[in-house]
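Undergrad: In our numbering, the protein residues as written are 193 to 374. All residues carry an ideal CB built from backbone N, CA and C; glycine is no exception. Treat the numbers as computed from the prediction; the structure is a model and nothing was measured.
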Amino acid sequence: MATSNGSTAIRDKILASLARYRALRIGKFPCAFWRLSSRPGLTAAALQGIKELLHLDNGLTNDISVLKMGTTVGTNALLERKGEPTVLLITQGFKDCLRIAYQNRPDIFALNIQLPELLYQQVIEVEERLNVLGEVLTPLNKHQVEPALQALFQQGFRSVAIVLMHAWKYPEHELQLASLAK
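1. For the beta strand (DSSP E) that Glu276 lies in, which residues bound it at each end?
2. Could you give the distance in angstroms between the alpha-carbon of Ala353 and the alpha-carbon of Leu310?
3. Relative to the alpha-carbon of Gln346, which residue among Ala373, Glu327, Ile292 and Cys289 has its alpha-carbon at the smallest distance?
4. Considering only C-alpha positions, which residue in the set Lys361, Ala370 and Glu276 is nearest to Gln314?
5. Under the rule that 16 or more other beta-carbon atoms within 10 Å means buried, what is His335, buried or exposed?
6. Using DSSP bridges, identify the partner residues of Ile138.
7. When the Cβ atoms of the stretch 263-274 are set against those of the stretch 292-304, are three or more pairs found closer than 8 Å?
8. Return the first residue and the last residue of the alpha helix (DSSP H) that Gln313 is part of.
9. With a cut-off of 8 Å on the beta carbons, I'd call Thr330 and Glu319 a contact; round off their distance for me.
10. Alpha carbon to alpha carbon, how far is Lys287 from Asp249?
11. Would you decide whether Ile292 is buried or exposed? Buried here means 16 or more other CB atoms lie within 10 Å of its CB.
12. Hey, Val279 and Leu332 are a contact pair by Cβ (cut 8 Å); roughly how many whole angstroms apart?
13. Give the secondary structure of Glu320 by DSSP, where H, G and I count as helix, E and B as strand, and everything else as coil.
14. Could you check if Leu281 is buried or exposed, using at least 16 other CB atoms within 10 Å of its CB as the buried criterion?
What follows is the structure, given as structure tokens:
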């Protein structure tokens with residue numbers, strides 16, 4: 193069973209899947225049920241729609257083995273820059289990586305390069321480093337990060353993005369920073 197919140201693209205994708213695979217049927221016919229929702233009740237509207245579609249009075253049934261929910265709420269917040277002001281915690285020496293990016297430009301000889309606005313407003317370079325094998329080259333210096341986080345919290349920042357070298361495989365330092373940020 194699939195549901196969507198607020199996106200024509202996702203809704204069309206689900207309808208195409210239903211038609212192709214006949215994933216949800218009432219009798220012989222593929223079926224989709226749309227219920228309008230608004231934040232913060234995204235899941236509530238989807239669950240209510242399922243209850244109504246399956247004529248369930250007191251809750252959902254165990255007959256639904258998979259429920260997939262598509263939403264563009266997060267993507268829209270990023271595109272419209274309506275998210276919380278965010279602090280980026282990044283391994284020391286990599287502060288400008290996201291600004292530099294790949295240097296892809298549609299016009300390589302353009303003199304006036306229009307860079308996109310960054311998704312974060314402040315950066316804290318974190319004294320830490322793991323190598324590719326997960327061995328600690330520079331221990332995580334929580335004493336350096338804590339006062340910087342506290343100062344930004346007092347300035348109103350409530351959102352933190354943590355991006356450390358090799359954390360995709362060895363997340364220990366990121367997990368420690370996430371705990372510290374909370």
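TA: Let me spell this out:
1. Glu276 -> no beta strand (DSSP E), and no H or E assigned at all.
2. 12 Å
3. Ala373
4. Nearest option by C-alpha distance: Glu276.
5. Around the beta carbon of His335, fewer than 16 other beta carbons sit within 10 angstroms, so the residue counts as exposed.
6. It is not possible to answer for residue 138, since the shown part of the chain is limited to 193 through 374.
7. Contact check between the stretch 263-274 and the stretch 292-304: fewer than three CB pairs, one atom from each, fall below 8 Å, which does not count as touching.
8. Gln313 -> no alpha helix (DSSP H), and no H or E assigned at all.
9. Separation of the CB atoms of Thr330 and Glu319 is rounded to 6 Å, and the pair is thereby assigned contact status at 8 Å.
10. 54 Å
11. exposed
12. At roughly 17 Å, the Cβ-Cβ gap does not stay under 8 Å, so Val279 and Leu332 are not in contact.
13. coil
14. Taking all protein chains shown into account, Leu281 has 16 or more neighbouring C-beta atoms within 10 Å of its C-beta and is therefore buried.
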